[in-house]
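The sequence shown maps to residues 278 to 707 in the working numbering.
Every residue, glycine too, gets a C-beta built ideally from N, C-alpha and C.
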Amino acid sequence: MKTINFIFGIHDHQPVGNFDFVIEDAYQQSYLPFVEIVEEFTSLHISFHFSGCLLEWLEKQHPDFIDRIAHLVKRGNVEIISGGFYEPILVMIPDKDKIGQIKMMNSYIKKKFSYNPKGLWLTERVWEPHLARTIAESGIKYVTVDDYHFLSTGKQEADLTGYFVTEEQGKKLSIFPINQKLRYAIPFKDPQETIDYLRQFATVDGDNVIIMADDGEKFGLWPGTHETVFTNNWLRKFFKALEENSDWIKTRTFSEFYDNHPPEGRIYLPTASYFEMSEWSLPWEAGEKFADLVQEFEDQDRLEEVKPFIKGGIWRNFLFKYDESNWMQKKVLYLSKRFHGIKKSGLSNIQRRNLKEARNHLWRGMCNCAYWHGIFGGLYLPHLRHAIYRELIRCEEILNDIENISERIPFGKDFHFEIIDFDADGENEV
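Here it is, written out as structure tokens:
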């Protein structure tokens with residue numbers, strides 16, 4: 278019999294500074310009912326990623342939810358995926374903070390779920406080749422990105438039935454491709470369409486894998502999806518369909534497949550995110566032209582053919598598209614340099630505790646959502662930007678206090694200045 282491996286991954290996240298009632302609504306409409314249904318299906322294997330921002334909120338508001346996830350992990354059919362703890366876009370933060378946040382998440386997962394994570398959820402799937410080194414140095418074995426990244430190298434859809442391995446300066450990292458067709462189909466099309474699609478890739482040796490990993494909020498929180506997914510039982514029907522076809526559809530976690538199958542080969546992916554980011558990150562007029570071009574090819578029924586060769590903007594474009602984004606990110610770089618430049622050996626125990634608090638404020642200030650936008654508000658939402666500045670200002674206050682006590686700033690506790698090119702525009706600021 279021909280069989281196929283299927284990986285189903287869910288990413289749940291709420292940004293630093295989001296309103297409490299908004300997160301509570303997401304919990305009631307999406308996170309909780311999803312897990313309640315997962316609990317019913319003991320034979321299905323699923324991969325979960327929760328951002329640290331959301332986990333901290335859950336610990337305070339719904340600690341029983343953490344316990345339920347831990348029980349699913351102990352049951353053996355759920356894995357927890359790591360990531361930057363406060364969900365940063367990894368390319369926008371210094372390497373020390375990349376590694377620090379990932380290791381913080383690894384430790385949290387080990388403590389709360391008794392699980393050693395092997396995989397990393399790459400925030401917004403923003404990939405640049407240099408990331409392979411720092412992610413690997415964080416103890417991570419694999420990441421997930423969109424199939425668009427792979428197709429942009431010349432790979433064909435039929436090639437993307439396994440994971441690949443890349444390296445940077447000899448540090449190896451495995452990469453799984455997320456299937457865009459399934460990302461668009463689930464949970465919007467009939468479950469049978471996914472079953473039929475998977476059948477195309479089933480083989481006698483059973484070595485192929487197809488992956489759907491996406492935002493958990495599309496299961497209940499996105500407009501109209503709660504009725505579809507839960508009231509009309511889409512999710513339960515989908516899981517039942519997987520169970521009924523379990524003789525040839527083998528649900529796996531990423532780690533289960535990784536541990537039992539070799540890579541398909543070597544790959545070097547270009548700088549990319551998911552295809553939609555190519556438009557969002559462009560300046561307005563260029564974005565309009567890009568959207569028109571995409572629509573033109575779609576009208577010709579050629580979009581899938583040419584999409585791998587259509588290049589729009591990259592995530593970093595937001596840093597010149599919006600000064601507000603750039604100012605926050607450059608403050609992150611400035612404070613990170615100050616934080617990592619403080620020598621702990623000369624600090625008192627109180628100062629060491631304060632320094633750790635400063636680090637946590639700094640890392641919370643790296644949460645990605647206020648630095649860019651998609652179809653949702655992002656940096657256009659002032660309460661998210663205010664939250665980032667609140668964290669960064671508190672970090673700066675603590676660093677000022679520590680540095681003044683240590684006599685590192687000669688102008689006193691309440692005043693100091695520097696002349697630097699703060700916003701990286703080639704001109705100094707005071």
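Beta-carbon spacing of residue i, residue j below 8 Å
i           : j           : result
residue 507 : residue 310 : yes
residue 335 : residue 368 : no
residue 350 : residue 391 : yes
residue 284 : residue 326 : no
residue 669 : residue 612 : yes
residue 601 : residue 671 : no
residue 488 : residue 360 : no
residue 319 : residue 365 : no
residue 417 : residue 379 : yes
residue 288 : residue 492 : yes
residue 598 : residue 560 : yes
residue 253 : residue 567 : Nothing about residue 253 can be reported from this structure: the residues present for the chain run from 278 to 707 only.
residue 371 : residue 546 : no
residue 389 : residue 343 : yes
Whole-Å CB distance - residue i paired with residue j, under 8 Å assumed
i           : j           : result
residue 404 : residue 307 : Residue 404 to residue 307, Cβ: 27 Å. No contact.
residue 587 : residue 427 : Incorrect: roughly 15 Å between the Cβ atoms, too far for contact.
residue 414 : residue 532 : Not really, about 19 Å apart at Cβ, beyond 8 Å.
residue 486 : residue 530 : Rounded, the Cβ-Cβ distance is 11 Å, inconsistent with contact.
residue 528 : residue 332 : So it is not a contact: roughly 24 Å between Cβ atoms.
residue 518 : residue 472 : 6 Å
residue 540 : residue 429 : That pair is no contact at about 19 Å.
Close-in-space but distant-in-sequence residues of the same chain around residue i (CB under 7 Å, 5 per side omitted)
i           : result
residue 607 : 699, 700, 701
residue 604 : 700
residue 635 : 616, 672, 675, 676
residue 457 : 423, 424, 425
residue 542 : 441
residue 684 : Legend: pLDDT at residue 684 = 49, less than 50; position of this residue unreliable, value from coordinates given subsequently. Excluding sequence neighbours, residue 684 sits near nothing in its chain.
residue 397 : 358, 359, 360, 379, 412, 417, 420
residue 387 : 393
residue 596 : 602, 603, 606
residue 594 : 558, 559
residue 552 : 425, 584
Beta strand (DSSP E) segment containing residue i, residue limits
i           : result
residue 343 : Taken as a continuous stretch (DSSP letters only), residue 343 belongs to no beta strand (DSSP E), being part of the alpha helix (DSSP H) at 340-352.
residue 553 : Premise fails: residue 553 lies in the alpha helix (DSSP H), 552-557, not in any beta strand (DSSP E).
residue 421 : 419-423
residue 444 : 441-445
residue 394 : Run containing residue 394: none; DSSP gives neither H nor E here.
residue 449 : 448-455
Start-to-end residues for the alpha helix (DSSP H) that takes in residue i
i           : result
residue 355 : Not the alpha helix (DSSP H): residue 355 falls in the beta strand (DSSP E), residues 355-357.
residue 576 : 561-576
residue 618 : 600-618
residue 315 : 309-317
residue 729 : In the structure displayed, the chain extends from 278 to 707; residue 729 sits before or after that span and is not available.
residue 529 : No alpha helix (DSSP H) contains residue 529, which is instead part of the beta strand (DSSP E) from 526-529.
residue 295 : Looking at the DSSP string, residue 295 is not in any alpha helix (DSSP H), and its letter there is neither H nor E.
residue 321 : Unbroken run through residue 321: none, as it is neither H nor E.
residue 582 : 580-583
residue 491 : Careful: residue 491 lies outside any alpha helix (DSSP H), inside the beta strand (DSSP E) at 486-492.
residue 473 : 468-476
residue 282 : Premise fails: residue 282 lies in the beta strand (DSSP E), 281-289, not in any alpha helix (DSSP H).
residue 508 : First-last for residue 508: undefined, no H or E at that position.
residue 414 : 408-414
residue 640 : 626-641
Neighbourhood of residue i by C-beta distance below 6 Å, restricted to the same chain and skipping five residues each side
i           : result
residue 375 : 367, 411
residue 628 : 679
residue 703 : none
residue 290 : 328, 331, 364
residue 640 : 363, 378
residue 468 : 514, 515, 518
residue 664 : 293, 294
residue 373 : 617
residue 623 : none
Own chain residues within Cβ distance below 8 Å of residue i, not counting five before or after
i           : result
residue 657 : 650
residue 655 : 646, 647, 648, 649, 661
residue 483 : 279, 280, 281, 282, 527
residue 631 : 675, 678, 679
residue 449 : 409, 413, 442, 443
residue 696 : 705, 706, 707
residue 480 : 279, 280, 281
(message) Within 8 Å, do at least three Cβ pairs link the segment 446-460 to the segment 419-430?
(response) yes
(request) Would you check if there are 3 or more beta carbon pairs closer than 8 Å linking the segment 457-475 to the segment 488-504? (result) yes
(request) Say whether the segment 436-446 touches the segment 514-528, bearing in mind that this needs 3 or more beta-carbon pairs closer than 8 Å, one atom from each stretch. (result) no
(message) Across the segment 287-296 and the segment 642-649, are there enough close Cβ pairs to call them in contact, namely three or more that are closer than 8 Å?
(response) yes
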